[in-house]
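**Student:** If you count by this note's numbering, then the sequence shown holds residues 391 to 735, one letter each, in order.
Glycine is no exception: its CB is placed at the ideal position from the N, C-alpha and C atoms.
Submitted below is the structure of interest, expressed as structure tokens.
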Amino acid sequence: MDIFTPYSKNGLDLKNRIVMSAMTRNFADKDHSPTDDMRAYYERRAANDVGLILTEGTIIHPSGDGYPNVPHIYTEKQIEEWKKVTNAVHTAGGKIFCQLWHCGRISHPTYLNGELPVAPSAVQAEGNAPGLQEPFPTPRALLQEEVPDIIDMFRTATKNALRAGFDGVEIHGGHGYLIDEFFDTRINKRTDAYGADSMENRSRFGLEVVRAVLDVAGPERTMLRISPSRDMGGLYEWPNLEGMISYLIPQLNTIGLRMLDISCARSNYHETSGKIVRMVRPLWPHTILAGASLSLEDAHKELENGLVDLVTYGRFILANPDFVHKIKNGDPLVPFDNSMRSTLY
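Next comes the structure, spelled out in structure tokens:
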């Protein structure tokens, strides 16, 4: 088995095991709709045989925004423009999932019509808000009666994504955003049913979101990203890391999830995602995605050892639309540099 071997499991059929990671690009129009340039960007990767494309984070509702010029999937216009993207990807022979995103406390009133961002508790993130030279504000703690509304936002966004022609959705449960914030006792100071006093309560919100999405999309079209090791808002690994993984992963299995994307900090794979993969795999017999920075040799080892099923790449595919062909032929890759963030190609 290698990275070029087709993959078929739990209703997901791919031409190879190479997945384009979700990467925020900030090129949506003023209405937060995808543009023709975005369509061409995704189409180009599909035409160059990326097995599965995960879109950039796509905001489920205006109240969950946190970045400039990121796409949403809330209005009819946004859905219609996303249809152009999915049609182009499918015509090019690709498959594409929409990453569903609520930023939680990683936001600023600038992006929320002057309102404060929401979070499990009123705990401020470190650093400056995306696209601004201003600190993150102290967020407003969600009221318990507001939680079902957020879950409904994920449910509605899933319906919208399927209407737009996506092959599935990925719930963004990582990188310090809203779902991830509930998992972490340094952010979650609640004392209610979603509170920090037990792993069951800390996991409750994330599990309810996953269950709502599964009810709409089914296990063959639902994926969850988690980041037990990450660097966002000044925090790193989950407290009680092993305990949380030992509780959460079997619960995800029980409610019917079958695809898990482990996406951690921008550092050595074996110190972050690779470590988490080795903790998760004994508890999870289903699809695991991970990688980000793996060499071809290391990717093959992870696949051969049964640790991962699909290998994710981000910046390599951003810098090389023909990434799959290059690594298959042994051609040199264009190195990523930050100037590439300013264009879509």
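Excluding the 5 residues flanking Lys485 on each side, which residues of the same chain have their C-beta closer than 6 Å to its C-beta?
**Tutor:** So the list reads Leu442 and Asp557, once near-sequence residues are dropped.
**Student:** Report the rounded CA-to-CA distance for Asn416 versus Gly566, giving the unit in angstroms.
**Tutor:** Going from the Cα of Asn416 to the Cα of Gly566 covers about 19 Å.
**Student:** Mind checking Pro672: buried by the 16 CB within 10 Å criterion, or exposed?
**Tutor:** Result: exposed.
**Student:** Taking only the alpha-carbon atoms, compute the straight-line gap between Thr336 and Pro618 and give it to the nearest angstrom.
**Tutor:** Past the boundaries of the shown model lies residue 336; the chain is included only from 391 to 735, so the question cannot be answered.
**Student:** Rounded to the nearest angstrom, what separates Phe713 and Asn459 at their Cα positions?
**Tutor:** The straight-line gap from Cα to Cα measures roughly 26 Å.
**Student:** Considering Arg435, what are the terminal residues of the alpha helix (DSSP H) in which it resides?
**Tutor:** First-last of the alpha helix (DSSP H) with Arg435: Asp426 to Ala437.
**Student:** With distance defined between alpha-carbon atoms, name the residue in Thr677, Ser729 and Thr644 nearest to Asp403.
**Tutor:** Measuring from the Cα of Asp403, the nearest candidate turns out to be Thr677.
**Student:** Per DSSP, which one or two residues make a beta bridge with Gly483?
**Tutor:** Paired residues: none, contrary to the question.
**Student:** Please classify Pro725 as buried or exposed, where buried requires at least 16 other C-beta atoms within 10 Å of its C-beta.
**Tutor:** Burial call: exposed.
**Student:** Just to confirm, are Ala547 and Ile463 a CB contact at a threshold of 7 Å?
**Tutor:** It is a contact, given that the beta carbons lie within the stated cut-off.
**Student:** Would a C-beta distance cut-off of 7 Å place Asp426 and Tyr501 closer than the cut-off?
**Tutor:** No. Outside cutoff.
**Student:** Need the endpoints of the beta strand (DSSP E) that His451 sits in, please.
**Tutor:** Note, His451: premise wrong, no beta strand (DSSP E); not H, not E.
**Student:** Going by DSSP in three states, Arg611 sits in which element: helix, strand or coil?
**Tutor:** Helix at Arg611.
**Student:** Can you name the residues that DSSP bridges to Val559?
**Tutor:** Cys488 and Thr612.
**Student:** Closer than 7 Å by C-beta to Asn578: which residues in its own chain qualify, once you throw out the five before and the five after it? Chain order, please.
**Tutor:** Only Pro510, Ser511, Glu571, Phe572, Gly585, Ala586 and Arg592 meet the Cβ criterion.
**Student:** Less than 6 Å between C-beta atoms, sequence neighbours within five positions excluded: which residues of the same chain meet that for Gln568?
**Tutor:** Here the sequence assigns Leu to residue 568, which means Gln is not the residue at that position. Only His492 and Gly494 meet the Cβ criterion.
**Student:** How would you label Asp574, buried or exposed, when you count the other beta carbons within 10 angstroms and need 16 or more for buried?
**Tutor:** Buried, by the Cβ-count rule.
**Student:** The alpha helix (DSSP H) spanning Gly633 covers which residue range?
**Tutor:** Note, Gly633: alpha helix (DSSP H), Leu631 to Ile645.
**Student:** Between the region 470-490 and the region 515-530, do three or more beta carbon pairs fall short of 8 Å?
**Tutor:** No, because fewer than three Cβ pairs between the region 470-490 and the region 515-530 fall closer than 8 Å, the two stretches do not touch.
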